[in-house]
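Residue numbers (the working numbering), protein chains in the order written: chain H, 2 to 148; chain R, 174 to 629. Just so it is clear, CB atoms sit at the ideal spot from N, CA and C, and this is done for glycine as well. To start, the structure under review is shown below, and the notes come after it.
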Amino acid sequence: MSELDTLYRELILDHSKHPQHFGLAEAEGAHATSHQKNPVCGDEITLRARVDTDGETIRDVTWEGSGCSISQASASMLSELVEGQTRAEAATLIEGFREALRSRGQIELDEDVYGDAAALTGVSKFSARVKCAMLAWVALEDALARA
Amino acid sequence: MTSATETSRLAPAAPPEALDAARLRADFPILDERVHGRPLIYLDSAATSQKPRQVLQAEYDFLTHANAAVHRGAHTLAAEATDLFEDARATVAGFVGAEADQLVWTSGATMGLNLLAYAIGNATAGRGGADSASLALHPGDEIVTTAIEHHANLIPWQELAARTGTTLRHIPARADGTLDLDAAAALIGPRTRIVAFTHVSNVLGIVNPVAEIVALAAEVGAVTVMDACQSAPHLPLDLPALGVDFAVFSGHKMLGPYGVGGLYGRAERLEALPPFLTGGSMITTVTLDTAEYLPPPQRFEAGTQPVGPAIGLAAAVRYLDEVGLEAIHAHETALAARMHAGLVEIPGIRLLGDPSTGSGTATGSGTATGSGTGAVERVGLWSFDVDGVHAHDAGQFLDDRGIAVRVGHHCAAPLHRQYGITASVRASAALYNTADEVDEFVDAVRGIRAYFGVES
């Protein structure tokens with residue numbers, strides 16, 4: 002696999018072309034919306050997290066936005082991954098993701114834990130693109146803090 | 174719409190001797206770098222230029238033989254450093270057709286524009302001498318910029334307008350990226366006090382009609398401020414002949430070091446301008462309660478100046494002068510024409526501000542027609558949109574082939590919005606680029622949409 006192909010894995014291009022959970026769900030029940038922007042390249046994401054009546058379980062994550070394939074795929078993968086997880090589980094996932102992406106290729110994301118989002122492992126070797134991949138995860142962290 | 178004076182200035186009777194880019198490249202050590210196993214193809218000079226050995230050597234020689242604090246101290250090195258520093262000022266001023274005392278050192282164009290905006294704000298607050306009142310703004314006054322400015326020539330004026338209770342207005346761009354001079358004529362009126370515009374757009378590469386804008390401003394006595402960042406390294410530049418009151422440029426975009434740039438001012442305008450940054454080196458008499466200030470340019474040079482970088486910048490403009498600005502301009506526009514010819518053949522590529530295809534048409538512009546612009550003067554750059562592929566992804570693909578381009582909004586977000594996009598890819602040439610590099614670049618662009626699985 003070429004260096005470029007380690008960044009643009011097929012799964013990433015698939016998600017960016019067919020984004021999952023795209024389009025914001027009804028703003029009802031416990032929920033919060035976060036708008037995040039990457040001023041360097043103009044990536045923008047608006048992400049909404051809704052929480053179940055138990056106050057702990059993530060009911061769903063929906064989003065809309067525009068930007069590069071990495072930022073769009075990452076939002077799509079994230080929204081699939083965290084549905085049904087608890088707040089604490091999501092927080093652990095976000096922390097682990099951030100650590101891996103900042104590791105400059107030293108830490109690999111476990112596919113059993115991260116699902117499709119594990120394909121974003123390669124981004125950590127492209128430091129200029131880490132912000133693109135992190136955008137949706139920062140938005141979820143922000144939304145959950147307020148939902 | 175290019176003025177007759179500019180056209181004649183850029184097209185000398187005898188064609189300039191063609192420059193030998195292959196030979197010049199030997200002066201730029203970084204061009205030997207390899208990126209992802211490929212030879213570096215550097216097409217991002219509009220963001221920052223590479224620096225020749227002569228510039229590095231000038232700074233090195235200064236720091237190893239003459240470094241000392243300038244304008245103070247009586248020792249030999251201090252005198253030598255002062256001479257070199259002031260010689261550098263004269264050299265850089267001469268490069269833009271100015272006298273030495275018309276050139277203020279800044280850290281770059283952004284600093285120069287902020288200096289102007291804050292100094293005019295100070296004049297508005299009643300600071301400065303009797304003639305500073307000529308620069309003071311009053312409620313109801315207007316500041317005019319354009320829709321195509323770099324953020325550095327927009328936001329300082331937004332802030333100044335907000336601080337002074339004045340109104341900011343914008344000359345719109347036509348569909349083809351040229352400034353709408355009819356709209357400018359309607360916009361610039363008795364309330365206009367400042368007209369700030371770029372000489373050359375950093376996104377479109379179009380040389381704006383300076384003479385026409387200056388004439389409109391002169392009719393109403395408005396102060397003109399010109400961003401010369403994208404013209405200084407690429408065109409013969411004579412600021413007094415262009416008739417602007419103030420102009421700024423950045424050293425690092427013109428083969429010089431980071432952290433140094435120039436603010437040019439017409440003598441009477443500079444004289445009327447109160448200081449912005451205050452402190453050491455810019456005063457005459459100081460008491461515990463008051464201070465009196467030196468004349469320009471020292472009035473605007475508080476604190477320790479970037480002496481080494483200024484000497485490096487002088488070496489950079491000597492290098493540009495030796496190659497010859499007319500030869501540089503001819504070389505770079507030929508490269509851009511080659512780039513254009515290749516890119517327009519690629520499906521899904523939309524060049525911004527391209528009058529030849531109309532595919533670079535902007536939306537939301539006041540005027541729909543973009544005709545009559547065949548004579549538009551340009552510098553050696555093109556920005557473009559790749560249908561179905563985000564600019565950041567396109568730039569990554571090019572980087573994998575060793576090609577360095579700029580992606581994003583290039584600090585001109587409003588202009589990109591007018592084209593209905595948030596980001597574009599920009600390839601900008603300099604004197605050290607070759608036709609082979611342009612061909613490799615065009616060839617690589619041809620592969621972008623296929624790689625990302627976008628149907629043509």
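Assuming the contact rule is C-beta atoms closer than 8 angstroms, glycine 30 (chain H) and threonine 58 (chain H) should be a hit. Round their C-beta distance to whole Å, please.
Contact flag wrong, Cβ pair sits at about 12 angstroms.
Give, in chain order, every residue of the region 305 to 338 of chain R whose Cβ lies closer than 7 angstroms to some Cβ of chain H.
Those residues of the region 305 to 338 of chain R that come within reach of chain H (Cβ to Cβ, closer than 7 angstroms) do not exist; the list is empty.
DSSP-derived helix/strand/coil call for aspartate 573 (chain R):
In the structure shown, aspartate 573 (chain R) falls within a helical segment according to DSSP collapsed to helix, strand and coil.
Just the chain B side, please: which residues come within less than 9 angstroms of serine 67 (chain H) by C-beta, in chain order?
In the displayed structure, chain B is absent; the protein chains listed are H and R.
Residue ranges of each alpha helix (DSSP H) within the region 48 to 134 of chain H, 4 or longer:
Qualifying alpha helix (DSSP H) stretches, in chain order: 70 to 83, 88 to 102, 112 to 115.
At what residues does the alpha helix (DSSP H) containing tyrosine 437 (chain R) begin and finish?
Not the alpha helix (DSSP H): tyrosine 437 (chain R) falls in the beta strand (DSSP E), residues 434 to 438.
In chain order, what residues of the same chain have a beta carbon less than 6 angstroms from the beta carbon of phenylalanine 98 (chain H), not counting five sequence neighbours either side?
Excluding sequence neighbours, phenylalanine 98 (chain H) sits near Trp138.
Rounded Cβ spacing between threonine 451 (chain R) and alanine 475 (chain R) (contact assumed at less than 8 angstroms)
About 5 angstroms separates the beta carbons of threonine 451 (chain R) and alanine 475 (chain R), which is inside the 8 angstroms limit, making them a contact pair.
Considering only DSSP beta bridges, list what tryptophan 707 (chain R) is partnered with.
No information on residue 707 (chain R) is available, as it lies outside the stretch 174 to 629 that chain R covers here.
Please tell me whether lysine 126 (chain H) has its Cβ less than 9 angstroms away from any Cβ of chain R.
No, lysine 126 (chain H) does not count as interfacial toward chain R.
So with Cβ pairs under 9 angstroms, would you call threonine 536 (chain R) a contact of chain H?
The predicted model places threonine 536 (chain R) with a pLDDT of 46, which falls under 50 and marks its position as unreliable; any figure quoted below should be read in that light. By the rule that beta-carbons nearer than 9 angstroms mark a contact, threonine 536 (chain R) does not touch chain H.
Beta-carbon proximity of isoleucine 501 (chain R) to leucine 192 (chain R), cut-off 9 angstroms:
Cβ distance < 9 angstroms, so isoleucine 501 (chain R) and leucine 192 (chain R) count as in contact.
Between the Cα of proline 519 (chain R) and those of R:Val373, R:His565, R:Arg622, R:Ile328, spot the shortest distance and give me the residue it belongs to.
Per the sequence shown, residue 519 (chain R) should be read as isoleucine rather than proline. Out of R:Val373, R:His565, R:Arg622, R:Ile328, R:Arg622 has the C-alpha closest to the C-alpha of isoleucine 519 (chain R).
Give the straight-line distance between the Cα atoms of glycine 543 (chain R) and leucine 352 (chain R), rounded to the nearest whole angstrom.
Note that glycine 543 (chain R) scores a pLDDT of 38, beneath 50, so its modelled location is shaky and nothing firm can be said.
Which residues in the same chain as valine 380 (chain R) place their Cβ atom closer than 6 angstroms to its Cβ, once the five residues preceding and following it in sequence are excluded?
Excluding positions up to five away in sequence, the list reads Val373, Glu550.
Going by the CB atoms, is the gap between threonine 477 (chain R) and alanine 195 (chain R) shorter than 9 angstroms?
Going by C-beta atoms, alanine 195 (chain R) is not nearer than 9 angstroms to threonine 477 (chain R).
Kindly indicate which three-state DSSP category lysine 18 (chain H) falls into: helix, strand or coil?
Helix.
Is any beta-carbon of chain R found at less than 9 angstroms from that of valine 139 (chain H)?
Output row for valine 139 (chain H): interface = no.
Residue span of the beta strand (DSSP E) that contains glutamate 315 (chain R), given as start and end
Per DSSP, glutamate 315 (chain R) belongs to the beta strand (DSSP E) from 315 to 319.
Per DSSP, what are the beta-bridge partners of aspartate 400 (chain R) in this structure?
Note: aspartate 400 (chain R) is bridge-paired with R:Thr371, R:Val421 in the DSSP secondary-structure output.
Below 7 angstroms CB to CB, which residues in the same chain sit around phenylalanine 127 (chain H) once its five sequence neighbours on both sides are set aside?
Correct list, in chain order: Leu8.
Best match in R:Glu613, R:Gly453, R:Pro345 for proximity to proline 587 (chain R) [C-alpha to C-alpha]
Considering only alpha carbons, the answer is R:Pro345.
To the nearest angstrom, how far is the alpha carbon of alanine 148 (chain H) from that of leucine 48 (chain H)?
Cα to Cα, the separation comes out at about 12 angstroms.
Cβ neighbours of alanine 405 (chain R) in the same chain (closer than 6 angstroms, five flanking residues each side left out)
Excluding sequence neighbours, alanine 405 (chain R) sits near Phe422, Met427.
Alpha carbon to alpha carbon, how far is serine 556 (chain R) from arginine 130 (chain H)? Give it in angstroms, no decimals.
Linking arginine 130 (chain H) to serine 556 (chain R) through their CA atoms gives a straight-line distance of about 21 angstroms.
Rank R:Pro312, R:Ala567, R:His343 by C-alpha distance to the C-alpha of histidine 323 (chain R) and give the top, closest one.
Considering only alpha carbons, the answer is R:His343.
DSSP bridge partner residues for threonine 45 (chain H) (one or two, in chain order):
Position check: residue 45 (chain H) holds glutamate in this sequence, whereas threonine was assumed. Glutamate 45 (chain H) pairs with H:Lys38, H:Ser67.
Between tyrosine 624 (chain R) and chain H, is the shortest Cβ-Cβ distance under 9 angstroms, so that the two count as touching?
Judged by the 9 angstroms Cβ criterion, tyrosine 624 (chain R) is in contact with chain H.
Nearest residue (CA-CA) to serine 454 (chain R), options R:Arg226, R:Ala242, R:Gln230:
The residue from R:Arg226, R:Ala242, R:Gln230 with its alpha-carbon nearest to that of serine 454 (chain R) is R:Ala242.
Straight-line Cα distance separating glycine 378 (chain R) from tryptophan 611 (chain R)
Here the sequence assigns valine to residue 611 (chain R), which means tryptophan is not the residue at that position. When only Cα atoms are considered, valine 611 (chain R) and glycine 378 (chain R) end up about 17 angstroms apart.
Mapping DSSP to helix, strand and coil, what is isoleucine 361 (chain R)?
Here isoleucine 361 (chain R) sits in coil by DSSP.
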